[in-house]
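Everything on this sheet refers to the single structure shown next.
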DNA sequence: ATACTAACGCAGCGATCTTTGCTGAACTCG
DNA sequence: CGAGTTCAGCAAAGATCGCTGCGTTAGTAT
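Protein chains in written order, with our numbering: chain B, 4 to 199; chain W, 4 to 199.
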């Protein structure tokens, strides 16, 4: 977690930023309503003066955007299994596992509510990861689908389910990963993994 | 727009509710930040006393949930063209057109930020609409995909794009509906509608 | 090692939000 | 047509939030 964006990277500034970020994550995870997530509350939890938060971030929305940017980047390592299908499956499984955490979903909810910038921060890294996977397969000499097609067929369902179906899918419990496998199969145009 | 959920359907109560709901929609559409969307502001816009809003809804989150529930139900009419593919295409096009409105997206963003209940209100009706389309095709004697498959292949991409890609897709401008057609084609496993 | 600068803590002010008890009007039922 | 209930308007008080100077501390550079 590189906390090194500022004129004074090392020392107190970084400590304060980390503390405030963690406070936001914790409060959101505890189910604090967005309207109750106020700067004095965050500052108190972080052990930092509210003035500092006002000066550095200005508003709760910007602060949440900052937290989302740091939280949703660099968590998932792009795998390299040697095949496109397996790469996508493993990657999507990691993403789905990440989004299965209620705390993560709560933060994403808050980010989406905070505005466009914070929303995009939740998925910006995903696109680049997919692009990397596709590029690798291209380097292997294989044919790859469009980037947008992967987003539609794989990323969108995972995010949609996490956001709008809190109960989850029934077929996701008994056989973990079966849904991801089916999505990848459908995406790549093969029916190999489609038999129920 | 049936504003008839309450102990006193007709009269002042309904008028106040409609007024407050419209005020919320307008303010959200005008780009008012969530943190500035406060109850006194809403009440002032609605021409209603703040006390009334406090007593009836309690918090902004509950109010937004209420608005979302009324806004995202009954807008799209389930079509009946005689074929499953055409039905899905037309229905999805309507949904996409609805979500292309920035005001609608702003309200959905606020709803997602308001919590789980409000979020689900954004898509609850969509599932039943898909189910109706599938049931109709079944009555015709045709084979239909799983409900969840339609959600994954059609609904999820539309919602994902609306939320996380505010700029929109490039291929959505020149040929409106082409993306929906491609999604439906992929979903039904036929390449008939895939030629650009 | 010392001077410099950026960032944090502190205290208090003004504005806004939220709540509460009461009064009056409007809708429904007998 | 009249009685009862529900609901909105009103005003005031308490609490909280967001913001602005100023002093102090902690990194950074010479």
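From the three backbone atoms N, C-alpha and C, an ideal C-beta is built for every residue, glycine too.
The CB of residue 181 of chain B never comes closer than 7 Å to any CB in chain W; the least such distance is about 12 Å. In chain order, 155 make up the part of chain B whose C-beta sits under 7 Å from the C-beta of residue 186 of chain W.
When DSSP states are grouped into helix, strand and coil, residue 122 of chain B belongs to the helix group. Using a Cβ distance threshold of 8 Å, residue 160 of chain B and residue 159 of chain W count as a contacting pair. At the C-beta level, residue 63 of chain W and residue 40 of chain W come within 8 Å of one another. Selection W:169, W:154, W:48 and W:168 evaluated against residue 163 of chain B yields W:154 as nearest (Cα-Cα). Between the region 122-136 of chain B and the region 125-139 of chain W there are fewer than three C-beta pairs closer than 8 Å, too few to call the two in contact. Take residue 43 of chain B, set aside five residues on each side of it, and the residues of its chain with a beta-carbon closer than 7 Å to its own are 53, in chain order.
For residue 63 of chain W, the chain B residues whose C-beta falls within less than 7 Å of its own C-beta are 38, listed in chain order.
Here residue 167 of chain W carries a helix assignment [DSSP, helix/strand/coil]. Annotated three-state conformation of residue 138 of chain B is helix, per DSSP.
When 7 Å is used as the limit between beta carbons, residue 126 of chain W is near these residues of chain B: 167, in chain order.
No Cβ of chain W is located within less than 8 Å of the beta carbon of residue 146 of chain B. At a cut-off of 8 Å between C-beta atoms, residue 28 of chain W does not count as an interface residue with respect to chain B. Rounded to the nearest angstrom, the gap between the Cα atoms of residue 21 of chain W and residue 118 of chain B is 26 Å. In this structure, residue 68 of chain B and residue 121 of chain B form a Cβ contact; the two beta carbons are roughly 4 Å apart against a cut-off of 8 Å.
In this model, residue 73 of chain B and residue 50 of chain W are separated by some 42 Å (Cα to Cα).
The three-state secondary structure of residue 40 of chain W, taken from DSSP, is coil.
Comparing alpha-carbon positions, the option among W:182, W:183, W:168 and W:190 lying closest to residue 112 of chain W turns out to be W:168. The beta carbon of residue 156 of chain W sits closer than 7 Å to those of 186, 189 and 190, all from its chain and outside the five residues before and after it, given in chain order. Against chain B, the beta carbon of residue 115 of chain W has neighbours under 7 Å at 112, 115, 116 and 166, listed in chain order. Interface criterion not met: the Cβ of residue 16 of chain W is under 8 Å from no Cβ in chain B. By the Cβ neighbour-count rule, residue 99 of chain B is buried, with 16 or more other Cβ atoms within 10 Å of its own.
Cβ-Cβ separation between residue 108 of chain W and residue 165 of chain W: approximately 6 Å, consistent with a contact (criterion under 8 Å). With respect to chain B, the C-beta atom of residue 162 of chain W has a partner C-beta closer than 8 Å.
Between residue 75 of chain W and residue 32 of chain W, the gap from beta carbon to beta carbon reaches 8 Å or more.
Relative to residue 85 of chain B, the option among B:56, B:192 and B:138 whose CA is nearest is B:138. Using a CB distance below 7 Å, the part of the region 84-113 of chain B facing chain W consists of 112 and 113, ordered along the chain.
For residue 69 of chain W, no CB of chain B lies under 8 Å from its own CB, so it is not counted at the interface with that chain. With a contact defined as Cβ atoms closer than 8 Å, residue 182 of chain W and residue 172 of chain W qualify at about 6 Å. For residue 172 of chain W, the three-state secondary structure derived from DSSP is coil. Excluding its 5 nearest sequence neighbours in each direction, residue 141 of chain B has C-beta neighbours in its own chain below 7 Å: 147, listed in chain order. Against chain W, the beta carbon of residue 158 of chain B has neighbours under 8 Å at 163, listed in chain order. No Cβ-Cβ contact shorter than 8 Å links residue 56 of chain W with residue 24 of chain W. Cβ atoms of residue 145 of chain W and residue 66 of chain W stay farther apart than 8 Å, at about 43 Å.
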